[in-house]
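Counting in full-length UniProt numbering, the sequence shown runs from 1 upward without gaps. Just so it is clear, CB atoms sit at the ideal spot from N, CA and C, and this is done for glycine as well. All of these numbers come straight from a predicted model, not from anything done at the bench.
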Amino acid sequence: MTQATARAHTNIALIKYWGKQDEQLKLPQNNSLSLTLDHFYTDTTVIFDSSIATDDFQLDGQKLAPQNAIKIQQLIDHVRQLSGQTAHAQVISTNHVPTSAGLASSASGFAALAAAASKAAGLDLTQRDLSRLARRGSGSASRSIFGGFAEWQKGDSDETSYAVPIQETVDWEIAMLTVVVTAKEKKISSSVGMKRSVLTSPYYSAWVANATQDLTQIKQAIASQNFEQVGQISERNAMRMHALTLSSDPSFTYFNADSLKVMQAVNQLRDAGIPCYYTMDAGPNVKIICRPTDAPKITAVLSADFAPDQLILAQPG
Ligand code: PMV
């Protein structure tokens, strides 16, 4: 019996990944860039045990049905293939992230799984190879191998698609206030949504071209620690991603009424001289990019509509 435990933190993309060039290998259409956060993480233990007869997956104390564990199964099978390990695996995972609410629990989940499973199987992978392995579970997980700002380079093969650190130690003023408008599961998974956008949005090619420009610009803004520019580029990139959902056929959206309410509040705060910007993923929760020193003022405004446990401030992690 061999076992290993790993913790990985979630990341929020500032330049989004939306669309694959290869479904199987999860190779994206565009490079993406994220900030890893201290507050949300997943702890995962993997035990390879020759005395058990099947693989067993447990998330937050509940056994997962095989149909809900396909991607986990595939990653464990791949690790067995890479390592020559033949025993069945027990996987025990605890999410410190509201699952499937657009808070990217898949990113921390598959990054922790890749690290724990490879170690338990006796592999000693480099960070690059860990990032490639995590990518097979969920594209965004490739970035959660690193702290701070990380870029997922799309590549064009399994070997060339992985994340690299851009700025691991973020020693300047930037934070993310998550507004949890709902912790419910999303109806359209990111995979299904991406596929529909690639196949049916007439704006898809413009998205890829724009995201590439946004990426170049945000890297310069990060290097010069220009908070306002990082926020502006992130917000416009997120809205262009969501424009792909609205322009798909049939159209869909991850916004709900509360998401719009938060976006409006951010615009008003900005008009009142508090620099803050929003971003959203494949779910209705909104993340507000702000300076930590401004967070109390922003929280005070949002407290009119949201309870204290719906407003979570996270720092780079
Ligand atoms: O890797 P997935 O399947 O969780 O997709 C992530 C998609 C977004 O969160 C919307 C964007 C991103 O780059 O994280």
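The beta strand (DSSP E) with SER131 in it runs from where to where?
From DSSP, SER131 is part of no beta strand (DSSP E) but of the alpha helix (DSSP H) over 127–137.
Thinking just about the alpha-carbon of each residue, which of VAL180, ALA272, LEU64 and GLU173 is nearest to the one in GLY148?
Of the listed residues, the one whose Cα sits closest to GLY148 is GLU173.
In chain order, what are the residue ranges of uninterrupted beta strand (DSSP E) at least 3 long that sit wholly in the UniProt domain "Mvd1 C-terminal" (177–309)?
Taking only runs of at least 3 residues, the beta strand (DSSP E) segments lying wholly in the UniProt domain "Mvd1 C-terminal" (177–309) are 276–280 and 286–290.
Could you please give the first and the last residue of the uninterrupted alpha helix (DSSP H) stretch that includes ARG80?
Note, ARG80: alpha helix (DSSP H), 70–83.
Who sits around ligand 1, taking every residue whose Cβ is closer than 5 Å to one of its heavy atoms?
Ordered along the chain, the selected set is ALA13, LYS16, TYR17, SER32, SER106, SER138, GLY139, SER140, SER190, ASP281 and ALA282.
Identify which residue in ALA117, ASN210 and SER140 has its Cα closest to the Cα of ASP55.
That would be ALA117, whose Cα lies nearest to the Cα of ASP55.
Measure how close the beta-carbons of LYS16 and ALA238 come, nearest whole angstrom, since I'm counting them as under 8 Å.
At roughly 6 Å, the Cβ-Cβ gap stays under 8 Å, so LYS16 and ALA238 are in contact.
Between which two residues does the alpha helix (DSSP H) carrying ALA116 extend?
Element bounds for ALA116: 105–120.
Indicate whether LEU82 and ARG136 have their beta-carbon atoms separated by less than 8 Å.
Result no, Cβ atoms of LEU82 and ARG136 do not sit closer than 8 Å.
So, is ILE289 buried or exposed, given that buried needs 16 or more other C-beta atoms within 10 angstroms?
By the 10 Å Cβ count, ILE289 comes out buried.
When DSSP builds the beta bridges, which residues end up paired with ASN95?
The partner list for ASN95 (beta bridge, DSSP) reads THR42.
How long is the line joining the alpha carbons of ALA69 and ALA120, rounded to whole angstroms?
Computed Cα separation, rounded: 19 Å.
Could you tell me the boundaries of the beta strand (DSSP E) in which residue 354 lies?
Outside the shown range of the chain (1 to 317) lies residue 354, about which nothing can therefore be said.
Cα-Cα, which of ILE218, ASP214 and GLU228 is closest to ILE166?
Nearest of ILE218, ASP214 and GLU228 to ILE166, Cα basis: ILE218.
Which one of ARG143, ALA4, GLY283 and ASN11 has the shortest CA to CA distance from ALA314?
With distances taken between Cα atoms, ALA314 lies closest to ASN11.
Does the beta-carbon of LEU199 have 16 or more other beta-carbons within 10 angstroms, so that it is buried, or is it exposed?
It is exposed - the Cβ of LEU199 has fewer than 16 other Cβ atoms within 10 Å.
Go ahead and pull the three-state DSSP assignment for ILE47.
Three-state DSSP puts ILE47 in a strand.
Considering only C-alpha positions, which residue in the set LEU25, ILE188, PHE252 and ALA107 is nearest to VAL97?
Nearest of LEU25, ILE188, PHE252 and ALA107 to VAL97, Cα basis: ALA107.
Return yes when the Cβ of VAL91 is within less than 8 Å of the Cβ of VAL46, no when it is not.
The answer is yes: Cβ separation under 8 Å.
State the Cα-Cα distance for the pair PHE252 and GLU168, rounded to the nearest angstrom.
Between PHE252 and GLU168, the C-alpha separation is close to 35 Å.
Considering only the beta carbon of each residue, do ILE312 and HIS39 sit closer than 8 Å?
Yes, the Cβ-Cβ distance between ILE312 and HIS39 is below 8 Å.
Around the Cβ of LEU59, are there at least 16 other Cβ atoms within 10 angstroms (buried) or fewer (exposed)?
With 16 or more other Cβ atoms within 10 Å, it is buried.
Hey, how far is the Cα of PRO275 from the Cα of VAL179?
When rounded, the distance between both Cα atoms is 17 Å.
Does the beta-carbon of PRO308 have 16 or more other beta-carbons within 10 angstroms, so that it is buried, or is it exposed?
With fewer than 16 Cβ atoms within 10 Å of its Cβ, PRO308 is classed as exposed.
Could you tell me the alpha carbon to alpha carbon distance between ALA114 and GLY84, rounded to whole angstroms?
Each residue's alpha carbon lies about 16 Å from the other.
Run through the DSSP bridge pairs and tell me what PHE57 is partnered with.
Answer is VAL91, bridged to PHE57.
For PRO250 and SER201, I'd like the C-alpha separation in whole angstroms.
About 9 Å.
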